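Sequence positions in the sequence shown follow the UniProt record's numbering and run 15 to 320.
Ideal Cβ positions, reconstructed from N, Cα and C, are used throughout, including at glycine.
This structure is a prediction, so every number in the text was calculated from the model and none was measured.
Notes follow once the structure below has been shown.
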Amino acid sequence: LIHLLSIEGLPKAVLTGILDTAGTFLSVNDRDVKKVPLLRGKSVFNLFFENSTRTRTTFEIAAKRLSADVINLDIARSSTAKGESLVDTIANLSAMHADMFVVRHSESGAPYLIAQHVAPHVHVVNAGDGRHAHPTQGLLDMYTIRHYKRDFTQLRVAIVGDIVHSRVARSDIHALTTLGVPEIRAVGPKTLVPGDLKEMGVRVCHTLEEGIKDADVIIMLRLQNERMSGALLPSAGEYFKSFGLTPEKLRLAKPDAIVMHPGPINRGVEIDSAVVDGAQSVILPQVTFGIAVRMAVMATIAGNDA
Ligand code: CP
């Protein structure tokens, strides 16, 4: 594996190998992440053309824990504002001896374009492109599910919310399918759930009650207002009434169901504060696992480079 651009098509052995490697970076209490010399002398460039809190920061921490040098390009103050193209930006950063680009972009496919223009020894990691894919989020979600539920082959997983605009949903569905989850549900209003999911073996539910009944894992998604235009935009209040996860509705799921969310959360829109902060929420452990999983991704693609 040279780049990580998508989970789609990633063999099960590679996927589980990354999860296993991530496990080796976590201490027994699953809180502390070890520092190792696997990427010593390598330069990792974080290129976030779209906002991020969790992904950018955990990639930086992960690269530092692998002993790499990390450069965060401040896109807003970079020469892209003067009209420099993405390809020229990459060529110039490559001239500074970049070994890896971690790329987030609002355009689906931007990391693929970069991967086509870098030298063969340079690695590209997709940190979220448009509505297409967010592979490291998908992997950290799988790590979280495996941590709490162990066996993927007995699970009912509900993904709830704005699925049509969600790169996380797409990456999660590919990963869950590869790992053998027998029942994946996509839950949301008709306007926010794409029709082609049924062809991927996903059960589509248009009420929250049906969607989360007896679920083992609930993955909540926010409304991606920045990717919507007028007609699609539901009001926050109406949306919460129908699809907001409250403690009462959560009782429809299995008693030991876990509640996940990739963040950022919008309290009172897709999820009630009492659920975010409740005993079944694993939203913050997801973030911590993200460090080890991103270390594992970078170590897998570049750890054996000379
Ligand atoms: N989950 C996620 O991608 O969060 P950020 O947008 O803050 O990176």
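What do you reckon, is the C-beta of residue i under 7 Å from a heavy atom of the ligand CP?
i	result
R70	yes
T302	no
P278	yes
E175	With the sequence shown as reference, residue 175 is identified as Gly, and Glu is not the correct amino acid for it. Flag unset: Cβ of G175 not near the ligand CP.
H148	yes
G23	no
Q151	yes
S66	yes
G215	no
Quick one: give me the first and last residue of the beta strand (DSSP E) that residue i is part of.
i	result
A172	170-174
V138	137-143
I233	231-234
L40	That residue, L40, is in no beta strand (DSSP E); it is neither H nor E in DSSP.
H84	The question names His, but residue 84 in the sequence shown is Val. That run of the beta strand (DSSP E) goes 83-87.
V198	This sequence places Ile at residue 198; Val is not what is there. Its beta strand (DSSP E) spans residues 197-201.
V58	57-62
R217	217-219
Could you have a look at residue i and say whether DSSP puts it in helix, strand or coil?
i	result
I315	helix
S287	helix
L18	strand
V307	helix
F166	helix
V301	helix
S295	strand
I28	Before going further, note that residue 28 is Val rather than Ile in the sequence given. Reduced to three states, the DSSP call for V28 is helix.
R54	coil
R45	coil
Span of the alpha helix (DSSP H) holding residue i?
i	result
E98	First-last for E98: undefined, no H or E at that position.
M156	149-163
F257	250-257
H188	181-192
E223	222-226
A271	Careful: A271 lies outside any alpha helix (DSSP H) and carries neither H nor E.
H119	Run containing H119: none in the alpha helix (DSSP H); it sits in the beta strand (DSSP E), 114-119.
A76	68-79
L127	124-131
L264	261-264
Short check: CB of residue i to CB of residue j, under 8 Å?
i	j	result
R118	F62	yes
V58	A82	yes
R275	I305	Residue identity check: residue 275 is His in the sequence provided, not Arg. Not a contact, by the Cβ cut-off of 8 Å.
M234	V174	yes
A133	S108	yes
H148	V182	yes
F166	V195	yes
A313	A267	no
E284	L259	yes
I232	V290	no
I226	V207	no
M156	L237	no
L154	V307	yes
R68	G277	yes
L18	N140	yes
Is residue i near the ligand MN, judged by its Cβ being under 7 Å from some heavy atom?
i	result
G144	Of the ligands this structure carries, namely the ligand CP, none is the ligand MN.
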